[in-house]
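Positions in the sequence shown are counted from 1; adding 198 to them yields the working numbering. Read the structure below first, then the notes.
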Amino acid sequence: MAAAVGYYGGLVAQWLDQPPAAPVMLHFGEHDHGIPLTDVERIRAAYPNVPVHVYPAGHGFNCDQRKDYDASCAALARQRTLAFLAEHVGRSTIRR
């Protein structure tokens, strides 16, 4: 795997003793009741080189089929994701 991007990674904090084997970017909702911000901060502390983005939204902010969908947060997350993947995987493999 060349790179990975995670949205709402609720179990990531349970695996902090397992360093990523590829570049990783993570996206979380600030108001996600299932993923405490303390877990997000633990991830940031354990892996300061992993881009961790927190949006003023709930769980599912990127899914337009969920009540917590937030179009502006989803657009920003998509922009960041595509840039990250272009950097680590290559532009020719990414559809926009």
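Ideal placement from N, C-alpha and C gives every residue a C-beta, glycine not left out.
Determine the closest residue to residue i out of the options, with distance taken between C-alpha atoms.
| i | options | result |
| --- | --- | --- |
| His251 | Gly207, Pro218, Ala200, Met199 | Gly207 |
| Ile233 | Asp262, Tyr253, Glu285 | Tyr253 |
| Trp213 | Asp262, Arg240, Asn247, Ala284 | Arg240 |
| Ser270 | Arg264, Asp230, Ala255, Pro246 | Ala255 |
| Arg264 | Asp230, Pro221, Thr236, Leu209 | Asp230 |
Taking 6 Å as the limit between beta carbons, can you name the residues of its chain near residue i, skipping five residues before and five after?
| i | result |
| --- | --- |
| Val287 | Ala200, Ala201 |
| Ala244 | Leu214 |
| Val203 | Met223, Thr279 |
| Phe282 | Met223 |
| Ala205 | The identity of residue 205 in the sequence shown is Tyr, whereas the question assumes Ala. These residues qualify, in order along the chain: His225, Asn260. |
Could you give the distance in angstroms between the alpha-carbon of residue i and the alpha-carbon of residue j?
| i | j | result |
| --- | --- | --- |
| Ala275 | Gly227 | 11 Å |
| Ala175 | Leu224 | Residue coverage of the chain in this structure runs from 199 to 294, which leaves residue 175 outside it and unanswerable. |
| Val238 | Ala219 | 19 Å |
| Ala272 | Asn247 | 23 Å |
| Ala284 | Phe259 | 23 Å |
| Gln216 | His257 | 24 Å |
| Leu235 | Leu209 | 13 Å |
If you drop the 5 nearest sequence neighbours on each side, which residues of the same chain put their C-beta closer than 7 Å to that of residue i?
| i | result |
| --- | --- |
| Cys261 | Tyr267 |
| Arg242 | Val250 |
Kindly list the residues whose CB is nearer than 8 Å to the CB of residue i, restricted to its own chain and excluding five residues on each side of it in sequence; keep chain order.
| i | result |
| --- | --- |
| Arg278 | Met223, His225, Pro249, His251 |
(Q) As an exercise, report each continuous alpha helix (DSSP H) stretch of at least 4 residues that is fully enclosed by the segment 206–282, in chain order. (A) As far as the segment 206–282 is concerned, its whole alpha helix (DSSP H) runs of at least 4 residues are 235–244.
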